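Q: Taken in order, these protein sequences are the chains called A and B.
Going by the numbering used here, the first residue of the first sequence is number 46, and it counts up by one from there.
Going by the numbering used here, the first residue of the second sequence is number 5, and it counts up by one from there.
Yeah, the Cβ is synthetic: ideal placement off N, Cα and C, and Gly gets one too.
Computed from a prediction, not measured in an experiment: that's the story for all the values here.
Dropping a structure here in structure tokens format, bear with me for questions.
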Amino acid sequence: MHSLSFDVAHLLAGSLVLVSFMQLYQDRLYALLNIFALHALILALSVAWQAYIQSAPHLFITALIALVFKAIVIPLALHRIIVRLGIHREIEKVVGVGTAMLLGMALVALSMVVMLRVTTEADPLAREDLAFALSVVLLGLLMMVTRRNAVSQVVGFMSLENGLVLAATGAKGMPLVVEISIAFSILIAFIVIGIFLFRIRERFDTVDVQAIDSYRGERL
Amino acid sequence: MTFDPVGAILLIPACAAALLAVLPDYRLSARINILAALATFAIAFSLFFGRPDPGPYFHVDDLNNVFIVLTTFVGFTTSVFSGSYIAHELETGRLTPTFLRFYHSMYQLLMFAMNLALLANNIGVMWVAIELATLTTVLMVGLYRTHEALEAAWKYFILGSVGIALALFGTILVYMAARPVIGEGPEAMVWTRLLLNAIHFDPALLNLAFVFLLLGYGTKVGLAPLHAWLPDAHAEGPTPISAVLSGLLLNVALYALLRFKMLLAANPAALAPGPLMVIMGLISVVFAAFMLYRRRDIKRMFAYSSIEHMGIIAFAFGMGGPLANFAGLLHMTMHSLTKSAIFFAVGHISQVKGTQRIADMGGLTQTNPVLGWGLVLGVVAIAGLPPLGIFTSEFLVVTSTFARAPWLAVILVFGLLVAFAALFLRLNSIAFGEPRGNSEPAEASYVPMFCHLGLVLLVGIYMPPALVGWFQNVAQLLG
Numbered sequence: 046m047h048s049l050s051f052d053v054a055h056l057l058a059g060s061l062v063l064v065s066f067m068q069l070y071q072d073r074l075y076a077l078l079n080i081f082a083l084h085a086l087i088l089a090l091s092v093a094w095q096a097y098i099q100s101a102p103h104l105f106i107t108a109l110i111a112l113v114f115k116a117i118v119i120p121l122a123l124h125r126i127i128v129r130l131g132i133h134r135e136i137e138k139v140v141g142v143g144t145a146m147l148l149g150m151a152l153v154a155l156s157m158v159v160m161l162r163v164t165t166e167a168d169p170l171a172r173e174d175l176a177f178a179l180s181v182v183l184l185g186l187l188m189m190v191t192r193r194n195a196v197s198q199v200v201g202f203m204s205l206e207n208g209l210v211l212a213a214t215g216a217k218g219m220p221l222v223v224e225i226s227i228a229f230s231i232l233i234a235f236i237v238i239g240i241f242l243f244r245i246r247e248r249f250d251t252v253d254v255q256a257i258d259s260y261r262g263e264r265l
Numbered sequence: 005m006t007f008d009p010v011g012a013i014l015l016i017p018a019c020a021a022a023l024l025a026v027l028p029d030y031r032l033s034a035r036i037n038i039l040a041a042l043a044t045f046a047i048a049f050s051l052f053f054g055r056p057d058p059g060p061y062f063h064v065d066d067l068n069n070v071f072i073v074l075t076t077f078v079g080f081t082t083s084v085f086s087g088s089y090i091a092h093e094l095e096t097g098r099l100t101p102t103f104l105r106f107y108h109s110m111y112q113l114l115m116f117a118m119n120l121a122l123l124a125n126n127i128g129v130m131w132v133a134i135e136l137a138t139l140t141t142v143l144m145v146g147l148y149r150t151h152e153a154l155e156a157a158w159k160y161f162i163l164g165s166v167g168i169a170l171a172l173f174g175t176i177l178v179y180m181a182a183r184p185v186i187g188e189g190p191e192a193m194v195w196t197r198l199l200l201n202a203i204h205f206d207p208a209l210l211n212l213a214f215v216f217l218l219l220g221y222g223t224k225v226g227l228a229p230l231h232a233w234l235p236d237a238h239a240e241g242p243t244p245i246s247a248v249l250s251g252l253l254l255n256v257a258l259y260a261l262l263r264f265k266m267l268l269a270a271n272p273a274a275l276a277p278g279p280l281m282v283i284m285g286l287i288s289v290v291f292a293a294f295m296l297y298r299r300r301d302i303k304r305m306f307a308y309s310s311i312e313h314m315g316i317i318a319f320a321f322g323m324g325g326p327l328a329n330f331a332g333l334l335h336m337t338m339h340s341l342t343k344s345a346i347f348f349a350v351g352h353i354s355q356v357k358g359t360q361r362i363a364d365m366g367g368l369t370q371t372n373p374v375l376g377w378g379l380v381l382g383v384v385a386i387a388g389l390p391p392l393g394i395f396t397s398e399f400l401v402v403t404s405t406f407a408r409a410p411w412l413a414v415i416l417v418f419g420l421l422v423a424f425a426a427l428f429l430r431l432n433s434i435a436f437g438e439p440r441g442n443s444e445p446a447e448a449s450y451v452p453m454f455c456h457l458g459l460v461l462l463v464g465i466y467m468p469p470a471l472v473g474w475f476q477n478v479a480q481l482l483g
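Right, here's the structure in full:
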């Protein structure tokens, strides 16, 4: 039953989980962005492979979006924002690397237990894809929780979203996948523009108030 | 070509949004905004008398008909209120004409997104529509560009995005459950098809899907402990948006949740979704009731009151059965009308006083009698005193619960009483006593506020049999 198509899909989905773990322990924003670009690249490969084995050509659009938008445009844009805002030094974390990794492992174990037990009826490929996808989603959530910086939170959100795209493409014949991935791209573009315009440095507490005040002063 | 009400309900706001984006004159924009909202409401109302057959993307049934009419009605009255509200904001310089153009366009886009979410017969389309509604409200919450407003918008954005991401995972799982039964392709996301075939779905997958959907859409409903974005978003945005958020958007998210609850209820092997909703509802009621005591900001206080009432509604639908569902529907309608009326009053009050701090308000019934008494009437209604409509619906929720699960009813009543006391404590200092803070004569439009409160009073005293029959039908449908 383990054909080549299964093995390749499995390999790519598994690599996505691995790269999610790599994101967890990055402590520099530039490195984090590079790892995220890798994450998006693997997603693009995985989606393209699914498009090929399911012979669903519209999925190639999703793969292309992942490749161009998420692996190239967004990391470059965030890179420039980091330079402009002068926040390239370090990421403050709420918990240490060791704790984050342990929590991550627990989350992956949780998603395996939940998904594999629940989907005994489904075909093995979709099943394992879903389990991997849930792991990526949960790891993305973990990253959003353990980072304070707005840029790394956005990276966390995007890797969470990569997990969703993995799940959607793994579900064979799912309609609206392309539309949904476009909707998500718009959402992310909004977030990135938001960070840039409002210069949100930290999670919710410090915005660069002076910049906004002088802006308002001009308008009044 | 025949007239298509569904298309019109979607097209009018969409075209109005595009038109308002290019019109520079704000007075004209405000009028067009009102006109478009009125036209949408009129067409939505016509759905009561004849509705199109369900298609692959849109459908109208008894359940969403109630929601659509309520949404378009409150959307219309809020646009009237918004007209006089923004004129004042422009005078004081808090908003500029450019921002207003943006605001009006976004308002219609939000109406479009909510109508689309309600009309959608496809769970994927419904998800996209709720995402669009989230995006537009985020932009409007941050409209004032102050530190607090941006912070609130960012918080809402991040929490809302995580919420809708989880909801999408749940949606994918529902598709996975449906695929073996219905087959691959778009058919397996059509809600009416899903409901017909739900009995054959894999129950374990459905259960898991519902957990994700409850967490995802529950965040948008504002159920505790997922409510963190709600008070900030309500307090910092323009007041018409607070009214629409509380009165409508929370309902739309709840509607999505109800649709999936019906799916689970149609499959006897799946877990009963009721208890989960009952628990989250009760936590929201009790938590929000206590949080009401420490509020210093008037809009934030009523935001917590919204959490409390969404808790009551989720509780009622979670209990299920004809009577509790009926009570839940009635409560939802009454809450939408009352809470938006309160926000209409609060919007003008904070303009008159120049602040949202409760400590700087006082003696409103002396300085601005109409506004002050309007607020008193609204709070009396929202606290659940007879003879207003919320009393009727809360009474129904409590009595139907006492008959089936007395202990749950005790907790619910406890939460209601705590909230009641908190609201009147604050109301006392705002509306009565020595006048405090600065006060100007209000240039307000009182019609929307008293129109809502009048409806709430009417339902409290006499409910038309047609309405009762209608709600009973829907309650049956919800199971």
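Name the chain B residues that come within less than 7 Å of Glu206 (chain A), Cβ to Cβ?
A: What Glu206 (chain A) touches in chain B: Ala169.
Q: Quick check on DSSP: helix, strand or coil for Asp174 (chain A)?
A: Three-state DSSP puts Asp174 (chain A) in a helix.
Q: Who pairs with Phe62 (chain B) in a beta bridge, going by DSSP?
A: Its beta-bridge partners are B:Ala124.
Q: Taking a contact to mean a Cβ-Cβ separation below 9 Å, would you say Ile203 (chain B) touches Asn271 (chain B) in this structure?
A: Yes, they are a contact pair.
Q: Could you say which of B:Leu400, B:Ala182, B:Thr359 lies nearest to Gly332 (chain B) if we only look at CA atoms?
A: Closest by alpha carbon: B:Leu400.
Q: Whose Cβ in chain A lies nearer than 8 Å to the Cβ of Ser165 (chain B)?
A: Those within 8 Å of Ser165 (chain B) in chain A are Phe202, Leu232, Ile236.
Q: Strictly under 9 Å for the Cβ-Cβ distance: is Leu120 (chain B) near chain A by that measure?
A: Chain A contact via Cβ: absent.
Q: Where does Val460 (chain B) fall in DSSP's three states?
A: In this structure, Val460 (chain B) counts as helix in the three-state DSSP scheme.
Q: Closer than 8 Å, Cβ to Cβ, to anything on chain A: give me those residues from the region 200-225 of chain B, in chain order.
A: Residues passing the 8 Å Cβ filter: Asp206, Ala208, Leu209, Asn211, Leu212.
Q: Could you tell me whether the Cβ atoms of Gln360 (chain B) and Arg430 (chain B) are closer together than 9 Å?
A: Result no, Cβ atoms of Gln360 (chain B) and Arg430 (chain B) do not sit closer than 9 Å.
Q: Which residues share a DSSP beta bridge with Arg98 (chain B)?
A: For Arg98 (chain B), which the question treats as bridged, DSSP gives no partner whatsoever.
Q: Can you give me the C-alpha to C-alpha distance between Thr405 (chain B) and Val128 (chain A), rounded to a whole angstrom?
A: Straight-line Cα distance between these residues: approximately 59 Å.
Q: Whole angstroms is fine: what's the gap from Leu23 (chain B)'s alpha carbon to Ala101 (chain A)'s?
A: Roughly 38 Å between the two C-alpha positions.
Q: Should Ser50 (chain A) be flagged as near chain B, meaning a C-beta pair shorter than 9 Å?
A: No, no contact with chain B.
Q: If you count every other CB in all the chains shown that lies within 10 Å of the CB of Gly141 (chain A), and 16 or more means buried, which is it?
A: So Gly141 (chain A) counts as exposed.
Q: Tell whether a beta-carbon distance below 9 Å holds between Phe395 (chain B) and Ile346 (chain B).
A: No. Outside cutoff.
Q: Which runs of the alpha helix (DSSP H) fall wholly inside the region 257-316 of chain B and span at least 4 residues, in chain order?
A: Entirely contained in the region 257-316 of chain B, the alpha helix (DSSP H) runs reaching 4 residues are, in chain order, 278-295.
Q: So is Pro120 (chain A) buried or exposed if we call it buried at 16+ other beta carbons inside 10 Å?
A: Buried is the call here.
Q: Give every residue of the same chain whose Cβ lies closer than 6 Å to the Cβ of Val182 (chain A), excluding the five residues on either side of it in the sequence, and list them in chain order.
A: Excluding residues within five positions, the ones whose Cβ falls inside 6 Å are Leu205, Gly208.
Q: Any C-beta of chain A sitting closer than 9 Å to the C-beta of Ile245 (chain B)?
A: No, Ile245 (chain B) lies away from the interface with chain A (no Cβ there is under 9 Å from its Cβ).
Q: Take the Cβ of Asn69 (chain B) as the centre, count every other Cβ of all protein chains shown within 10 Å, and call the residue buried at 16 or more, exposed below.
A: With 16 or more other Cβ atoms within 10 Å, it is buried.
Q: So, using beta-carbon positions, are Val225 (chain B) and Ala257 (chain B) closer together than 9 Å?
A: Result yes, Cβ atoms of Val225 (chain B) and Ala257 (chain B) sit closer than 9 Å.
Q: Measuring CB to CB, does Gly215 (chain A) end up less than 9 Å from Leu170 (chain A)?
A: Cβ distance < 9 Å, so Gly215 (chain A) and Leu170 (chain A) count as in contact.
Q: If we cut at 9 Å on Cβ distances, does Ile90 (chain B) have a partner in chain A?
A: Taking Cβ atoms only, chain A never reaches closer than 9 Å to Ile90 (chain B), which makes this a no.
Q: What residue from A:Val196, A:Gly218, A:Met160, A:Val64 has the CA that sits closest to Glu191 (chain B)'s CA?
A: Per the Cα distances, A:Gly218.
Q: For Leu86 (chain A), I'd like the list of residues in its chain whose CB is within less than 6 Å of its CB, leaving aside the five on either flank, ordered along the chain.
A: The residues are Ala116.
Q: Give me the chain B residues within the contact set of Ala171 (chain A), using Cβ-Cβ distance strictly less than 9 Å, ordered along the chain.
A: Within 9 Å Cβ-Cβ: Met180, Arg183.
Q: CB-CB under 6 Å to Asp174 (chain A), same chain, minus the five flanking residues each way: which ones, in chain order?
A: Taken in chain order, the residues that qualify are Ala58, Gly215.
Q: Within the same chain, show all residues whose beta-carbon is closer than 6 Å to that of His108 (chain B), passing over the 5 residues directly before and after it, in chain order.
A: The residues are Leu24, Ser33, Asn37.
Q: If you reduce the DSSP assignment to three classes, tell me which class Lys138 (chain A) lands in.
A: DSSP places Lys138 (chain A) in strand when its eight states are reduced to three.
Q: Below 8 Å, can you find three or more Cβ-Cβ pairs linking the region 197-211 of chain B to the region 260-268 of chain B?
A: Cβ pair count under 8 Å is three or more, so yes.
Q: What does Val194 (chain B) pair with, by DSSP beta-bridge criteria?
A: Paired residues: B:Asn126.
Q: Please determine, among B:Ala157, B:Glu188, B:Ser165, the residue with the shortest C-alpha to C-alpha distance to Ala213 (chain A).
A: Among B:Ala157, B:Glu188, B:Ser165, the Cα nearest to that of Ala213 (chain A) is on B:Glu188.
Q: When Cβ atoms are compared, which residues of the region 128-141 of chain B fall closer than 7 Å to chain A?
A: Result list: Gly128, Val132, Glu135, Leu139.
Q: Residue range of the alpha helix (DSSP H) that Glu152 (chain B) falls in?
A: 151-186 is the extent of the alpha helix (DSSP H) around Glu152 (chain B).
Q: Along the chain, where does the alpha helix (DSSP H) that runs through His55 (chain A) open and close?
A: Its alpha helix (DSSP H) spans residues 49-69.
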